[in-house]
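Participant:
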Amino acid sequence: MRKNVFFFLLLGVLSATCWAENIVRPGLWEVKTRSDLLALVPHIPAEQMEQLNRLVKQYGLEMPQIHNGAATSQVCITPEMAKQDVPTYFYDNQSGCTVKDAARTGNRYQIALTCDNPQFKGNGYAEGTFTNPESFTGRTEFDGVVQGAPINSHADTIGQWVSERCELAQPFR
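Under mature numbering (1 follows the signal peptide of the UniProt record, and there is no 0), the residues of the sequence shown are numbered -20 to -1, 1 to 153, in order.
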């Protein structure tokens, strides 16, 4: 279960940050991802949560705050990231995932990806809409296998621009 939660956190953060298109305001963003899997986090034993934290750090991420089935994280969008039409580098060579297809029409985006690494294998899909340069909503789905266990999951994500300065969060690697 902890591997499933980790993957979902990773996929949510990755897909949330991939929305840094040229209609996005650079700076510090708060991203909240809600899913049924995240609601299970309070039931994970402390030792397994420690292992999960170490695994998340291996991917260059920090474990977000998780409360009431939602993970809240701070994400720094640099000016360079904000200029990209569809920043596929968030998926390419990140956590063993590669972008199969990425498109943007106006303020909407769609991304299809394939993940193939020792932790998880499968296909994912992210879509969303920027309501303005300082907020977005989106949905991510993944169908595959995590640590040998089949998983079919989805998450709903909202993001809100917070500040021009990214002192609280590092740019996504």
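Here a beta-carbon is modelled for each residue, glycine too, at the ideal position from N, C-alpha and C.
Output the residue ranges of the beta strand (DSSP E) runs that lie fully inside the region 46 to 100 and measure 3 residues or longer, sorted by chain position.
Facilitator: 50 to 57, 77 to 85, 88 to 96
Participant: For A50, which option in E114, E27, L20, D65 has the closest C-alpha, if you only look at C-alpha atoms?
Facilitator: As a first step, residue 50 must be located in the sequence shown, where it is residue number 70. When each option's Cα is compared against that of A50, the closest is L20.
Participant: What does the alpha-carbon distance come out to for the pair N112 and T137?
Facilitator: Against the sequence shown, residue 112 aligns to sequence position 132. Against the sequence shown, residue 137 aligns to sequence position 157. Distance between the alpha carbons of N112 and T137 is about 15 Å.
Participant: Rounding to the nearest angstrom, what Cα-Cα distance links V55 and W9 in this structure?
Facilitator: As a position in the sequence shown, residue 55 is number 75, starting the count at 1. As a position in the sequence shown, residue 9 is number 29, starting the count at 1. Near 5 Å, if we compare the C-alpha coordinates of W9 and V55.
Participant: Whole angstroms is fine: what's the gap from R14's alpha carbon to G139's?
Facilitator: Counted from its first residue, the sequence shown places residue 14 at position 34. Counted from its first residue, the sequence shown places residue 139 at position 159. One C-alpha to the other measures close to 12 Å.
Participant: Specify the secondary structure class of Q140 as computed by DSSP and reduced to three states.
Facilitator: As a first step, residue 140 is located in the sequence shown; it is residue number 160 there, counting from the start. Strand at Q140.
Participant: Within 8 Å, do at least three Cβ pairs link the region 31 to 43 to the region 76 to 94?
Facilitator: Contact between the region 76 to 94 and the region 31 to 43 is absent: fewer than 3 CB-CB pairs across the two stretches fall below 8 Å.
Participant: Write down the C-beta distance between I3 and N87 rounded to the nearest angstrom, noting that I regard them as a contact closer than 8 Å.
Facilitator: Walking along the sequence shown from the start, residue 3 turns up at place 23. Walking along the sequence shown from the start, residue 87 turns up at place 107. Their Cβ separation, rounded to whole angstroms, is 6 Å, which keeps I3 and N87 in contact under 8 Å.
Participant: In chain order, what residues of the same chain lie with their CB nearer than 7 Å to the CB of residue 158, ignoring the 5 residues before and after it?
Facilitator: A question about residue 158 goes unanswered here, because the residues of the chain that appear run from -20 up to 153.
Participant: In the DSSP output, which residue or residues are listed as bridge partners for P44?
Facilitator: Residue mapping note: residue 44 aligns to position 64 of the sequence shown, counting from 1. The secondary-structure analysis by DSSP pairs P44 with nothing; it has no beta-bridge partner.
Participant: Drop a sphere of 10 angstroms on the beta-carbon of V125, count the other beta-carbons inside from all chains shown, and report buried for 16 or more, exposed for fewer.
Facilitator: The residue given as residue 125 occupies position 145 in the sequence shown. Exposed, since its Cβ has fewer than 16 Cβ neighbours within 10 Å.
Participant: What do you get for T120, buried or exposed, if any count of 16 or more other CB atoms within 10 angstroms of its CB means buried?
Facilitator: Along the sequence shown, one-based indexing puts residue 120 at 140. Flag for T120 reads buried.
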